Amino acid sequence: MSIIATIMNSATGEPIQKMSFGRMPRPYASFTLKSGELVTAERIDIGKPAPGKFAAPVDIWVTLKA
1495 MSIIATIMNS
1505 ATGEPIQKMS
1515 FGRMPRPYAS
1525 FTLKSGELVT
1535 AERIDIGKPA
1545 PGKFAAPVDI
1555 WVTLKA
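So the mapping is simple: our numbering equals the position in the sequence shown, first residue as 1, plus 1494.
Right, here's the structure in full:
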């Protein structure tokens, strides 16, 4: 089962994109965004699932290079 995560911008708090991972990514893992930029996960937040749902929301916070 894959993990669907929302990639969040640490500076603005805005979502950048959704991304699918084969397993839960580790903090400080590097990956490439759709824009082609290589980013590193700073923080990973796992939320509480909605009532009646199984999947918990996952947010991965990254800082984009200027």
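Just so you know, even glycine gets a beta-carbon here, dropped at the ideal spot from N, CA and C.
Keep in mind it's a predicted model, so treat the numbers as computed, not measured.
Suppose the cutoff is 7 angstroms on Cβ atoms and the five residues either side in sequence are ignored; what does the same chain contact list for Lys1542 look like?
Ala1550
Does the Cβ of Ala1544 have 16 or more other Cβ atoms within 10 Å, making it buried, or fewer, making it exposed?
Looking at its Cβ environment, which holds fewer than 16 other Cβ atoms inside 10 Å, Ala1544 is exposed.
Is it buried or exposed, Met1518, if we count other Cβ atoms within 10 angstroms and call 16 or more buried?
Classification for Met1518: exposed.
In whole angstroms, give me the CA-to-CA distance for Met1495 and Gly1516.
Cα to Cα, Met1495 sits roughly 7 angstroms from Gly1516.
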